[in-house]
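Residue numbers (our numbering): 123 to 270.
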Amino acid sequence: MKKLAFALALGLTGGPVMAAPLCDDLGFAGLLARCNRGEPVVLTLASGQPLFDGEQPVELQSGAYYVLDMTADGSAELALVGPEFFRAIWINEVVINDIEVRAMALDSLEFDAAGQVRLSFIAIKPGTYELRIPGTTSDNQRVQIAIR
123 MKKLAFALAL
133 GLTGGPVMAA
143 PLCDDLGFAG
153 LLARCNRGEP
163 VVLTLASGQP
173 LFDGEQPVEL
183 QSGAYYVLDM
193 TADGSAELAL
203 VGPEFFRAIW
213 INEVVINDIE
223 VRAMALDSLE
233 FDAAGQVRLS
243 FIAIKPGTYE
253 LRIPGTTSDN
263 QRVQIAIR
């Protein structure tokens with residue numbers, strides 16, 4: 123009976139939902155191939171300044187490789203939280219001031235001083251997510267990211 127229900131559900135939805143890379147010829151690199159890379163997302167953490175300068179939500183393609191570049195100017199101790207977003211992606215690496223970290227998961231990042239973090243990842247789980255500076259209420263202190 124369970125098999126019949128599963129088959130019926132697949133038939134009604136058109137089959138299983140799958141990630142769609144940005145290119146067809148991935149080669150040995152797989153999803154990390156150069157042709158599968160989307161535009162970088164750039165965030166700036168600065169006291170009183172917008173976190174993201176662009177249209178929201180930022181649109182990402184499930185199955186594509188992206189880079190999230192974060193720069194803090196050191197004007198204040200600022201964090202960036204987004205546990206739902208960090209659980210919707212596969213993290214390739216986190217580079218903190220030229221030190222590479224292979225993290226299994228993230229919940230947040232905090233800048234105590236000026237610095238840079240580069241997060242490379244594959245967008246996986248479709249949905250709309252938010253990265254924000256905790257303790258703030260302004261729309262300028264958050265960025266919405268939609269994985270399609």
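Ideal placement from N, C-alpha and C gives every residue a C-beta, glycine not left out.
- For the 9 Å CB-CB criterion, G149 and Q183 do not form a contact.
- In the structure shown, the three-state DSSP call for D191 is strand.
- Closest option to P172, judged by alpha-carbon separation, among I246, R224, L200, D147: L200.
- One thing to note: V265 has its Cβ within 9 Å of the Cβ of L165.
- Inclusion of I213 and A227 in the CB contact set at 9 Å is warranted, their separation being smaller than that value.
- Judged by beta-carbon spacing, V203 lies beyond the 9 Å limit of R240, meaning their Cβ atoms are not closer than that value.
- With contacts defined by Cβ atoms closer than 9 Å, L153 and A186 form a contacting pair.
- Taking all protein chains shown into account, I221 has fewer than 16 neighbouring C-beta atoms within 10 Å of its C-beta and is therefore exposed.
- Distance from the Cα of S169 is smallest, within the candidate group T258, I269, A268, for T258.
- The beta carbon of P256 sits closer than 7 Å to the beta carbons of A201, V203 from its chain, once the five residues preceding and following it are set aside; these are given in chain order.
- For F243, the closest of A151, L144, Y188, P162 by C-alpha to C-alpha distance is Y188.
- Separation of the CB atoms of R254 and E181 is rounded to 18 Å, and the pair is thereby denied contact status at 8 Å.
- Collapsing the DSSP output to three states places E206 in a helix.
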